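Everything in the sequence shown is counted per our numbering, starting at 1002 for the first residue and increasing by one.
Below: the structure, in structure tokens.
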Amino acid sequence: MNNYAFGHPLARINVYVEKAPPSEALWGESPSYRSFKKLVDGDIKSLGEAGGNGWRKVFNVYAKLLFAFPHQSTFRPNSALSWQKFRDQSLLQDQSDTALCFGEWNVEQRGKEGGIHIIAGRTHALNLGLSEKCIWLNNEFAKHPSLPIFICPYFDYRQLSNAKIDVLVNLINGTDITV
1002 MNNYAFGHPL ARINVYVEKA PPSEALWGES PSYRSFKKLV DGDIKSLGEA GGNGWRKVFN
1062 VYAKLLFAFP HQSTFRPNSA LSWQKFRDQS LLQDQSDTAL CFGEWNVEQR GKEGGIHIIA
1122 GRTHALNLGL SEKCIWLNNE FAKHPSLPIF ICPYFDYRQL SNAKIDVLVN LINGTDITV
């Protein structure tokens, strides 16, 4: 299993997925263990081409999630006019304040250090040892009782639809929600 991340190590929005895209196809090798690789213009497009539609969906859903936050939210990017432009020009790059972590991470420790931490997929949360530590609101969404850690469906259009993205945003914002 690959254990590295794209983006910034002190990102405010951190997403965790189990498997990494085929980074070797783009750079000839995977980033080193527990390292954070800041992407540059064109990397997301290239990773989507190398990894297929599934990786395009992950990047799209990540950008759409950020643009679902209210305009006044500190989590909403103000550097781009649309989620598509943000995805292509900023997501997981140096100044984007985002990270996408692959493999096994100590999410609780990272949660204590700040930022929002979103585990994409119930199975991944279980493998990370967090599923039983969180309060489940339904079969798809959970929140850690004391840390800014959230569990949601995998970042795919069918699993994390626009309506479910809104549920996740409300959960992060601490809004009372019906799920």
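Just so you know, even glycine gets a beta-carbon here, dropped at the ideal spot from N, CA and C.
From a predicted model like this one, the values you see are computed outputs, not experimental measurements.
Which of the three DSSP states, helix, strand or coil, is assigned to Lys1113? Correct three-state label for Lys1113: helix.
Hey, which unbroken runs of the alpha helix (DSSP H) at 4 residues or more fall wholly within the region 1065-1098? Runs of the alpha helix (DSSP H) inside the region 1065-1098: 1084-1090.
So the candidates are Tyr1034, Ile1117 and Ala1121; which of them puts its Cα closest to the Cα of Arg1013? Distance check between Arg1013 and each of Tyr1034, Ile1117 and Ala1121 places Ile1117 closest, using alpha-carbon atoms only.
Just mark Gln1094 as buried or exposed, buried being the case when its beta carbon has 16 or more other beta carbons within 10 Å. Burial of Gln1094 is indicated by the presence of at least 16 other C-beta atoms within 10 angstroms of its C-beta.
Distance CB(Ala1100)-CB(Gln1090) smaller than 8 Å: Taking 8 Å as the Cβ cut-off, Ala1100 and Gln1090 do not qualify as a contacting pair.
Residue range of the beta strand (DSSP E) that includes Asn1015: Judged by DSSP secondary structure, Asn1015 falls within the beta strand (DSSP E) whose first and last residues are Ile1014 to Val1018.
Spatial neighbours of Asp996 within its chain, please: C-beta separation below 6 Å, excluding the five flanking residues on both sides. This structure cannot speak to residue 996, because the chain is shown only from 1002 to 1180.
Quick one: what's Phe1103 bridged to in DSSP? Its beta-bridge partners are Val1018.
Distance, Cα to Cα, Asn1174 vs Gly1029? Their Cα atoms are separated by approximately 40 Å.
Length of the line joining the Cα atoms of Leu1027 and Ser1036: Their backbone Cα atoms lie some 17 Å apart in a straight line.
Would you mind sorting Lys1065 into buried or exposed? The rule is 16 or more other CB atoms within 10 Å of its CB. Buried is the label assigned to Lys1065, since at least 16 other Cβ atoms lie within 10 Å of its Cβ.
Which residues does DSSP list as the beta-bridge partners of Leu1040? Bridge partners of Leu1040: Gln1094.
Which of the three DSSP states, helix, strand or coil, is assigned to His1009? Looking at His1009 - three-state DSSP - the assignment turns out to be coil, as it is neither helix nor strand.
Tell me where the beta strand (DSSP E) around Phe1151 begins and ends. Membership of Phe1151 in the beta strand (DSSP E) is indicated by the continuous run Ile1150 to Cys1153.
Is the region 1016-1023 touching the region 1104-1118, taking contact as three or more C-beta pairs under 8 Å? As far as the Cβ criterion goes, the region 1016-1023 touches the region 1104-1118, which means the pair count is three or higher.
Please classify Leu1127: is it buried, with 16 or more other beta-carbons within 10 angstroms of its beta-carbon, or exposed? Exposed: under 16 other Cβ atoms inside 10 Å.
On a CA-only basis, which of Glu1109, Gln1073 and Leu1161 is nearest Ser1132? Give me that one, please. Selected option, being the one with the closest Cα: Glu1109.
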